[in-house]
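Chains as they are written, first to last, in UniProt numbering: chain A, 1 to 419; chain B, 1 to 419. Below is one structure, written out as structure tokens; comments come after it.
There are 2 protein chains.
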Amino acid sequence: MTVEKRNPIPVREAIDRVVSQNIYTKQIEVPLEDSANYILAEDIVATYEIPRFNKSPYDGFALRSKDTEGASGNHRITFTVIDHIGAGSVSEKEVGPFEAVRIMTGAEMPKGADAVVMLEQTVEDKQSFTIRKSFDINENVSLKGEETQIGDIVLNKGQQINPGGIAVLATYGYTHVKVFDKPSIGIIATGSELLEVGDELEPGKIRNSNGPMIVALSQKLSLDVASYQIQEDDLKSSIQVVRDAMSKHDIVITTGGVSVGDFDYLPQIYDAINAKVLFNKIAMRPGSVTTVAVADGKYLFGLSGNPSACFTGFELYVKPAVLHMMGATAIYPQIIQATLMEDLTKANPFTRFVRAIATFNGKAMTVVPSGFNKSGAVVAIAHSNAMIMLPGGTRGYQKGYTVDVILTESQAYEMDCFI
Amino acid sequence: MTVEKRNPIPVREAIDRVVSQNIYTKQIEVPLEDSANYILAEDIVATYEIPRFNKSPYDGFALRSKDTEGASGNHRITFTVIDHIGAGSVSEKEVGPFEAVRIMTGAEMPKGADAVVMLEQTVEDKQSFTIRKSFDINENVSLKGEETQIGDIVLNKGQQINPGGIAVLATYGYTHVKVFDKPSIGIIATGSELLEVGDELEPGKIRNSNGPMIVALSQKLSLDVASYQIQEDDLKSSIQVVRDAMSKHDIVITTGGVSVGDFDYLPQIYDAINAKVLFNKIAMRPGSVTTVAVADGKYLFGLSGNPSACFTGFELYVKPAVLHMMGATAIYPQIIQATLMEDLTKANPFTRFVRAIATFNGKAMTVVPSGFNKSGAVVAIAHSNAMIMLPGGTRGYQKGYTVDVILTESQAYEMDCFI
């Protein structure tokens, strides 16, 4: 058997090939309360203005600005309180000269009034108060339509529904919303060396950690995942399991069995199911043998059996694919720049991804590897909140260099940042 | 009625007061498959080495390094293949002089062998192959224990179980793990101006958007949330609803009704339930009236009724509190620095938080406000993936300044970043 020659492509091109496939999930309608993390399949248009009416942004007194002219510390002006309204109520009175309505945050401005004096800016008596400064027209008033006008697109097709999106939909009374369905994922951890988590260890074998890791990575994207039985390295049954998983899921992920070798059946499986291989070698470490194929409008990801490579492959290729299938416009991981706090001097012709801890130290964003970082490493993944991205080449990277970093978790350890 | 005087404290001190409370959830044991996002209540110690045995990181041939001495392009050395092992198998043969075992990625090194030649580095014949370079002892071998030794702490108490953590637990055979329970959250959207999402609009009223937004924010933290009925602004029934929510939840969040004013019952509610108020004024915009109290080992958050202020209050105070209660060591939001791409010249004595879009443009991290950004704004929250944090003072901020940014969502729009 000869060694298959594979042609490595750059990371960026690999991601491009993945997200340029004409593969989308179907459009469905979901209730508002279940819509978080879905991608909108329609623009949401403002059906009324926000604010819907001129309203007070503070607790205070609504009055006529022209009555405040000339007010000062030496010349306080007195107003008579003629009504008292909470949010949700509307005063039936009209504010006349040197009159005011006591008004709560969010309440509609009464007729006649065009400014709000905050409680803190007054000296109150029983039915009156005085002020010591003048107010402009519309001072301390949230004007009708200042945020959105009727017909404004307030949420865009392709936008992920985040908590703010939920608030916008609620505001406009959307009890249901049209979205792209979430893809379902089937996971097949391949390799006859794999034991289940509850199994006792046996010589030469290890427990399956990639399967549970991919389930957790998928759940972070709010996706449903089914795990398929670990396969003996047998071609015929492997094809059957992949076929079975593909009939039930939009994405099928295999881990392991993607190396170029005698016991690697993936190429033959892809042949058997008529899959089109987008690439089977990427100029990256770890995970250079990561393979992505498509068949019947579905994605097949062949991730490495090495945990760090498997993790990296999921973050770089599966995640953008999921967001692409769901019609999202923002599909790439957040990249930041940080100061490297350790030497990484080993040069590599391929782009290197290093599991890492990124922290803002109050002055600058810093990043260090999160531990032993070979392809097969697993512990460093657990301790990372980021991946350092080192362009390939003939040089290494020294402490103090600025490097690009992909954030993979949202929490940080320090609060040296807060003012 | 007089205006209550409140003393604003800095954001950092407010967060400090919240996370220094001696309030923790109880410890529970959960199955591995449900353990994602929980915080570990125990150190996880390595019960065996990783790797457990010397193994091959590549598909290739295991041989004795000393037999490769002197190999070159002009002097190829030939090896005879005596066995053939896949991952999970162990060769029963011992490698002798100029012998080799064909070995797959992850397989245990056979006796006698101390180096691996990658397939790509060989010219193969039927039962033999030649090489053109020499190999060092342990070259291309993953050594037993090189990642972890027995007794190493591989996951720390207080660490959040991320997908990598799941992989580590699976590796060591933990089918169950001891964690801090997740706090349950009760949400009470207060204010008689509030309609339900499905209600028709009425004069002076708006639909409740903060309630659904907080549910979504809580779900992002994998928390269960119960929503309580919107209250008429009536003190007695309000106290009863808060008492009821507190009897069932670890955290009770109210939105609205926290302004200093006639219809604000929160201070009286806190009195009635003997709550200790940690602060009721923060030197921040929006959300300066955000109030946090504790009672009976539970948190009460009084968030603003203004959507942007409510969102900001949740991100800054509720989120760290949740992580603190769960025993987490990393409880602060990730802060980065970015170049401001728009003038924000309005000076403010308080720290300002501006909903924003952060993007790496291939050269630098940039950030712009995500739209109309007053306290009452809702649409800009939906379009944001970050918050700009502007220290208070007498000056504004100009385009080109470097500012601190809190990341609130993980996706980005551009891929100008990838090499």
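The beta-carbon is built from N, C-alpha and C at its ideal position, and this holds for glycine as well.
Can you grab the Cα-Cα spacing for the pair A:T339 / A:T366, in whole Å? Rounded to whole angstroms, A:T339 to A:T366 spans 5 Å at the Cα level.
Counting only C-beta atoms, is A:Y265 closer than 9 Å to chain B at any point? Answer no: the Cβ-Cβ gap between A:Y265 and chain B never drops below 9 Å.
Minimum Cβ-Cβ distance from A:N274 to chain B less than 9 Å: With 9 Å as the cut-off, A:N274 does not count as an interface residue toward chain B.
Looking at the secondary structure, which residues open and close the beta strand (DSSP E) in which B:Y299 lies? Element bounds for B:Y299: K298 to L303.
Quick one, are the C-beta atoms of B:A293 and B:L278 less than 9 Å apart? Inclusion of B:A293 and B:L278 in the CB contact set at 9 Å is warranted, their separation being smaller than that value.
Three-state secondary structure assigned by DSSP to A:F135: In the three-state scheme derived from DSSP, where H, G and I count as helix and E and B as strand, A:F135 is classed as coil.
Same chain only: Cβ atoms within 8 Å of B:V45, ignoring 5 sequence neighbours per side: Once the five neighbours on either side are set aside, the close Cβ partners of B:V45 are G151, D152, I153 and V154.
Just the C-alpha distance for B:V225 and A:N210, rounded to the nearest angstrom, thanks. One Cα belongs to B:V225, the other to A:N210, and the distance between them is close to 31 Å.
At least one CB of chain A closer than 9 Å to the CB of B:M246: is that the case? Interface flag for B:M246 against chain A is unset, since no Cβ pair is found closer than 9 Å.
Indicate whether at least one CB of chain A lies closer than 9 Å to the CB of B:N385. Judged by the 9 Å Cβ criterion, B:N385 is in contact with chain A.
Under the criterion of a Cβ to heavy atom distance below 8 Å, does A:I188 qualify as lining the ligand ZN? Of the ligands one can find in the structure shown there are none, so the ligand ZN has no counterpart to examine.
Going by alpha carbons, who is nearest to B:Y401 out of B:A364, B:S384 and B:Q411? Ranking the options by Cα distance to B:Y401, first place goes to B:A364.
Taking 9 Å as the threshold (beta carbon to beta carbon), is A:S184 in contact with chain B? With 9 Å as the cut-off, A:S184 does not count as an interface residue toward chain B.
Who are the near neighbours of B:R207 in its chain, counting only those whose CB is closer than 8 Å to its CB and skipping five residues on each side? Within the same chain, L194, L195, E196, V197, D199 and L201 come within 8 Å of B:R207 by CB-CB distance, once the 5 residues on both sides are set aside.
Under 8 Å, CB to CB, which of the residues in the segment 333–365 of chain B have a partner in chain A? Within the segment 333–365 of chain B, the qualifying residues are P333, Q334, I335, I336, Q337, T351, R355, A358, F360, A364 and M365.
Quick one: is B:T345 buried, meaning 16 or more other Cβ sit within 10 Å of its Cβ, or exposed? Looking at its Cβ environment, which holds fewer than 16 other Cβ atoms inside 10 Å, B:T345 is exposed.
Answer yes or no: do A:N306 and B:P51 have a C-beta to C-beta separation smaller than 9 Å? Going by C-beta atoms, A:N306 is not nearer than 9 Å to B:P51.
Could you tell me which residues DSSP puts in a beta bridge with A:M365? Residue pairing for A:M365: DSSP places it in a beta bridge opposite A:F360.
Mark A:P31 as exposed unless 16 or more other C-beta atoms lie within 10 angstroms of its C-beta, in which case mark it buried. A residue is called buried once 16 or more other Cβ atoms fall within 10 Å of its Cβ, and A:P31, having fewer, is exposed.
Burial state of B:V258, where buried means 16 or more other Cβ atoms lie within 10 Å: With a pLDDT of 49 at B:V258, under the threshold of 50, the modelled position of this residue cannot be trusted; read the value that follows with caution. So B:V258 ends up on the buried side.
DSSP beta-bridge partners for B:F372? Here B:F372 is not bridged, per DSSP, to any residue.
Nearest chain A C-beta to B:P97 closer than 9 Å, yes or no? False, the Cβ-Cβ gap to chain A never drops below 9 Å.
Using a Cβ-Cβ distance cut-off of 9 Å, determine whether B:V197 contacts chain A. Yes, B:V197 counts as interfacial toward chain A.
How many Å lie between B:A283 and A:F353 at the Cα? A straight line joining the alpha-carbon of B:A283 with that of A:F353 spans about 41 Å.
What does A:I82 reach in chain B if we use C-beta pairs closer than 8 Å? Per Cβ cutoff of 8 Å: no residues; A:I82 is ~15 Å from chain B at best.
Counting along the chain, where does the alpha helix (DSSP H) carrying B:G186 start and finish? B:G186 -> not in any alpha helix (DSSP H); beta strand (DSSP E) instead, spanning I185 to T190.
Tell me whether the beta-carbon of B:I131 lies closer than 9 Å to the beta-carbon of B:A71. Going by C-beta atoms, B:I131 is nearer than 9 Å to B:A71.
Between A:C310 and A:T351, how many whole angstroms is the CB-CB distance? I'm expecting something under 8 Å. Contact doesn't hold; Cβ gap of about 17 Å is too wide.
Nearest to B:R64 by CA position, among B:M109, B:L40, B:Y24 and B:S192, is which residue? It is B:M109 whose Cα lies nearest to the Cα of B:R64.
What residues from the segment 141–171 of chain B come within 9 Å of chain A, judged by C-beta to C-beta, listed N to C? Contact residues of the segment 141–171 of chain B toward chain A are S142, E146, E147, T148, D152, V154, L155, N156, Q159, Q160, I161, N162, P163, G164, G165, I166, A167, V168, L169, A170 and T171 (C-beta to C-beta distance below 9 Å).
For a cutoff of 9 Å on Cβ pairs, would you count B:K133 as touching chain C? No chain C is part of this structure, whose protein chains are labelled A and B.
Please state the DSSP three-state secondary structure of B:R64. In this structure, B:R64 counts as coil in the three-state DSSP scheme.
Sheet register partners of B:T122 (DSSP bridge): B:I131, per the DSSP bridge assignment.
Below 8 Å, can you find three or more Cβ-Cβ pairs linking the segment 161–174 of chain B to the segment 380–389 of chain A? By the criterion of at least three beta-carbon pairs nearer than 8 Å, the segment 161–174 of chain B is in contact with the segment 380–389 of chain A.
Within 9 Å (strictly less), CB to CB, does B:Q127 reach chain A? No, B:Q127 lies away from the interface with chain A (no Cβ there is under 9 Å from its Cβ).
Quick one: does B:L303 have its CB under 9 Å from some CB of chain A? With 9 Å as the cut-off, B:L303 does not count as an interface residue toward chain A.
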